[in-house]
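Undergrad: Protein sequence lines correspond, in order, to chains W and U.
Read in the numbering used here, the first sequence has 1407 at position 172, and its numbers run on one by one without any break.
Read in the numbering used here, the second sequence has 12 at position 10, and its numbers run on one by one without any break.
Cβ atoms here follow ideal geometry from the backbone N, Cα and C, with glycine treated the same way.
Sharing a structure with you now.
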Amino acid sequence: MLRLPKFEVKNPATVEEAVAMMMEIHGEARFLAGGTDLNPNMKHGLFTPERIVALGGIEEMFGVGFDESGNARIGAMVTLAQVEQHPDLRRAFPALCQAAKLVSSPQLRNMGTLGGNVMLDTRCQWYNQTYFWRNALGYCLKKDGSKCHVIEGGSKCVAAASNDTAPALMTLNAELEFATTSGRVRMPLADLWQADGIWNKKIPHTDLLVALHVPKPAAGSRGAYGKLRDRGSIDFPLFGIAVRLDFAADGSISDAALCAVALQARPWPLKKAAELLIGTHPGQASFNDAVEKVAMLAAKQCRPMPNIPGDHEYRHLMVPVYTRRTLHAAAAGEGPVHHI
Amino acid sequence: MRVLRLHVNGDCAEVAAPEHWTLLEVLRYKLGLTGSKQGCDKGDCGACTVLIDGVPTLACLSLAATVEGKQITTIEGLVPAHRAAGGEGVDPVQNAFDKTGALQCGFCQPGMILSAKALLAKNPNPSLKEIQESLAGNLCRCTGYTQIYEAVVLAAKGDLA
Ligand SMILES: Cc1cc2nc3c(=O)[nH]c(=O)nc-3n(C[C@H](O)[C@H](O)[C@H](O)COP(=O)(O)OP(=O)(O)OC[C@H]3O[C@@H](n4cnc5c(N)ncnc54)[C@H](O)[C@@H]3O)c2cc1C
Ligand code: SF4
Ligand code: FES
Ligand code: FES
């Protein structure tokens, strides 16, 4: 039996109320969306807020819409199950819907939100444990202690960004709409991250993610998501990679984006690798050759650490395999990619 | 403490509970509905699955203070609902689990049955793959799953004589 710490629960009806409720107490307050990350973490004593601001009553944060130019607005409280099943999102942003489909289990996708997935805490096998377990270990730098067990003598936490949808949203150039005490702020998702496993975001936890804006994809754009995992359900990624490929009229690749996750504190865009694909033709040798080069470069740039479970050398060997398979799946309009 | 108005199995329950309690804790320790199991208590096993507005949800990760006004169905609600609809005996999905012997210890069963109920409500004739995917958040440490899938197939066929 794992108990939650004592807290009060607030149920605001508007975004402005929610932001004010976060600021008006001296102690710590936390937003609660689906609670599938925060509740286990609180049960492990990783967060002990005095107040929970539950977001389920804020209408503005629900729903999926497209403007007249085809840009999508996805409310932060839209669940992963809704993202996965939304016909227009599936058509426009296949990598995003594939990533949502591979998150955890059906119940957790019914509860977990897209906003919560972006705002997910980083993960580490020395951190996502009960208080009892962490106490026996002597804690770690990220919470209650002073040592890192992943990098001996390390002064920086390298817990891994483990949110499956983040790399897909990165390849799609998504933007985030936050409500802050000084008003609304819009920022590219790519600018959100910082390389610090303790808090891997450049904004404070009191800023409220209201919605995600995903620009209209180029005509004929394709994408896919690949996820290495231990079991076919429930498990966080051991490695994840999202791909977007845009095509010119002659069928050659006009633009490409790749982003990996479950490596270190932030999702990891592979810009140089993606450039190697531009101008190549799927179905022709040029594409196959480029895919091999991209897979090798990804293996050089993605260095899994013993931060999350799963042998990190095995995870490293799987980087080119998953990069290659996910690229071929994207080119063929298929995916998601997973061996189990 | 907060007085919560919860709609559980068609009844309205008014219950005072600490604000930091999960729905699972309120069901088990305030309402005496111990059919929803407390397994891992952190989202890994699905033993605490209940239906919230018909959707399979983990009660161990839901705050009771966030589910007021929603229809909560636990395993205890199936027989009364079945009989209220004019049925006899137990719910057909429960019956199918019995017929195929889809259990050993039974700890996973309430969650399995509720996940299966939600699937069949949406998709009365699911493929084996769809059954497997829908039950992928419910772990069973005993059976090896085969008879559980058979139970859902049998319940879908309605051939329970
Ligand atoms: C067993 C298990 C397996 C899982 N497997 C996976 C997996 O494979 N892949 C994966 O990506 N995730 C996984 N998860 C994590 C989780 O289910 C998802 O990431 C989910 O999308 C989190 O969303 P949520 O709404 O439940 O977040 P919450 O738990 O409600 O919130 C997460 C964090 O974000 C903050 N937050 C939430 N919404 C907002 C907002 N709108 N504005 C500002 N801050 C906000 C919260 O304060 C909290 O710190 C798993 C969880 C469990 C328990
Ligand atoms: S990487 Fe892991 S062990 Fe090291 S400080 Fe971060 S959470 Fe702790
Ligand atoms: S008890 Fe809720 S998922 Fe295990
Ligand atoms: S029958 Fe024992 S856990 Fe499933």
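When you compare the CB of glutamate 1328(W) with every CB in chain U, is at least one pair closer than 8 Å?
TA: By 1-based counting over the first sequence, the position of residue 1328(W) is 93. The sequence given here has phenylalanine at residue 1328(W), not glutamate. It does not: the Cβ of phenylalanine 1328(W) has no partner Cβ on chain U nearer than 8 Å.
Undergrad: For threonine 1271(W), go through chain U and note every residue whose CB falls closer than 7 Å to its CB, in chain order.
TA: Taking the first residue of the first sequence as position 1, residue 1271(W) is located at position 36. Those within 7 Å of threonine 1271(W) in chain U are Gly45 and Leu63.
Undergrad: Any heavy atom of ligand 3 closer than 7 Å to the Cβ of cysteine 42(U)?
TA: The residue you call residue 42(U) lines up with position 40 of the second sequence. Result yes, Cβ under 7 Å from ligand 3.
Undergrad: Quick one: which residues of the region 1347 to 1369 of chain W get their C-beta closer than 7 Å to a C-beta of chain U? List them in chain order.
TA: Hits within the stretch: zero.
Undergrad: Take the Cβ of valine 1420(W) as the centre, count every other Cβ of all protein chains shown within 10 Å, and call the residue buried at 16 or more, exposed below.
TA: If you number the first sequence from 1, residue 1420(W) lands on position 185. So valine 1420(W) ends up on the exposed side.
Undergrad: Here's the rule I'm using: 16 or more other beta-carbon atoms within 10 Å means buried, otherwise exposed. How should valine 1318(W) be labelled?
TA: By one-based count along the first sequence, residue 1318(W) stands at place 83. That one is buried.
Undergrad: Since I believe aspartate 1323(W) is in contact with phenylalanine 1301(W) (beta carbons under 8 Å), could you give me their beta-carbon distance rounded to a whole number of angstroms?
TA: By one-based count along the first sequence, residue 1301(W) stands at place 66. By one-based count along the first sequence, residue 1323(W) stands at place 88. Confirmed, about 7 Å.
Undergrad: Give the DSSP-derived three-state secondary structure of aspartate 1481(W) in the structure shown.
TA: The sequence position of residue 1481(W) within the first sequence is 246, counting from 1. Of the three classes helix, strand and coil, the one that applies to aspartate 1481(W) here is strand, per DSSP.
Undergrad: Got a sec: which bits of the region 6 to 37 of chain U sit with their beta carbon under 9 Å from any beta carbon on chain W, in order along the chain?
TA: Answer set for the region 6 to 37 of chain U: Pro20, Glu21, His22, Trp23, Thr24 and Glu27.
Undergrad: On a Cα-Cα basis, can you pick out the residue from Asp46(U), Arg4(U) and Leu8(U) that is closest to isoleucine 54(U)?
TA: Position 52 of the second sequence holds residue 54(U). Residue Leu8(U) is the option with its Cα nearest to isoleucine 54(U).
Undergrad: Quick one: what's histidine 9(U) bridged to in DSSP?
TA: Taking the first residue of the second sequence as 1, we reach residue 9(U) at position 7. According to DSSP, histidine 9(U) bridges with Cys14(U) and Gln73(U).
Undergrad: What span of residues does the beta strand (DSSP E) with isoleucine 1488(W) cover, start to end?
TA: By one-based count along the first sequence, residue 1488(W) stands at place 253. Start and end: 1488 to 1496.
Undergrad: Is it true that the CB of glutamine 149(U) sits closer than 8 Å to the CB of alanine 83(U)?
TA: Your numbering for residue 83(U) matches position 81 in the second sequence. Your numbering for residue 149(U) matches position 147 in the second sequence. No, these two residues do not count as a Cβ contact at 8 Å.
Undergrad: In terms of DSSP beta bridges, what is isoleucine 1543(W) paired with?
TA: The sequence position of residue 1543(W) within the first sequence is 308, counting from 1. DSSP output for isoleucine 1543(W) lists no bridge partner at all.
Undergrad: What are the boundary residues of the alpha helix (DSSP H) that includes tyrosine 1374(W)?
TA: Numbered from 1 along the first sequence, position 139 holds the residue referred to as residue 1374(W). Note, tyrosine 1374(W): premise wrong, no alpha helix (DSSP H); not H, not E.
Undergrad: Please determine whether the Cβ atom of asparagine 1542(W) lies at a distance below 7 Å from any heavy atom of ligand 2.
TA: Position 307 of the first sequence, counted from the start, is the residue given in the question as residue 1542(W). Checking the Cβ of asparagine 1542(W) against ligand 2 gives yes.
Undergrad: Going by DSSP in three states, methionine 1236(W) sits in which element: helix, strand or coil?
TA: Position 1 of the first sequence, counted from the first residue, corresponds to residue 1236(W). Coil, per DSSP.
Undergrad: Rounding to the nearest angstrom, what Cα-Cα distance links valine 1554(W) and alanine 1534(W) in this structure?
TA: Within the first sequence, numbered from 1, the residue matching residue 1554(W) stands at position 319. Within the first sequence, numbered from 1, the residue matching residue 1534(W) stands at position 299. Approximately 6 Å between the Cα atoms of the pair.
Undergrad: Check whether chain U comes within 8 Å of leucine 1244(W), counting only Cβ atoms and requiring the distance to be less than that.
TA: In the first sequence, the residue the question calls residue 1244(W) occupies position 9. This sequence places valine at residue 1244(W); leucine is not what is there. Closer than 8 Å to some Cβ of chain U, the Cβ of valine 1244(W) qualifies, so yes.
Undergrad: Quick one: does the C-beta of glycine 48(U) sit closer than 7 Å to a heavy atom of ligand 4?
TA: What you label residue 48(U) is simply residue 46 of the second sequence in a count that begins at 1. No, since every heavy atom of ligand 4 falls outside the 7 Å radius drawn around the Cβ of glycine 48(U).
Undergrad: Locate the beta strand (DSSP E) running through leucine 137(U), then write down its first and last residues.
TA: In the second sequence, the residue the question calls residue 137(U) occupies position 135. Note, leucine 137(U): premise wrong, no beta strand (DSSP E); not H, not E.
Undergrad: Using DSSP with H/G/I as helix, E/B as strand and the rest coil, what is leucine 1463(W)?
TA: In the first sequence, residue 1463(W) corresponds to position 228, counting from 1. Residue state, collapsed to three classes: strand.
Undergrad: Report the three-state DSSP secondary structure of lysine 1535(W) (helix, strand or coil).
TA: Translated into positions along the first sequence, residue 1535(W) becomes position 300. Correct three-state label for lysine 1535(W): helix.
Undergrad: For a test of your reading of the model: does the CB of histidine 1384(W) fall under 7 Å from any non-hydrogen atom of ligand 2? Yes or no.
TA: By one-based count along the first sequence, residue 1384(W) stands at place 149. Yes - ligand 2 has a heavy atom lying nearer than 7 Å to the Cβ of histidine 1384(W).
Undergrad: Apart from the five residues just before and just after tryptophan 1503(W), which ones in its own chain have a Cβ nearer than 6 Å to its Cβ?
TA: Position 268 of the first sequence holds residue 1503(W). Excluding positions up to five away in sequence, the list reads Ala1495.
Undergrad: DSSP has methionine 1422(W) in a bridge; who is on the other side?
TA: Start at 1 with the first residue of the first sequence, and residue 1422(W) comes out as number 187. Answer is Leu1411(W).
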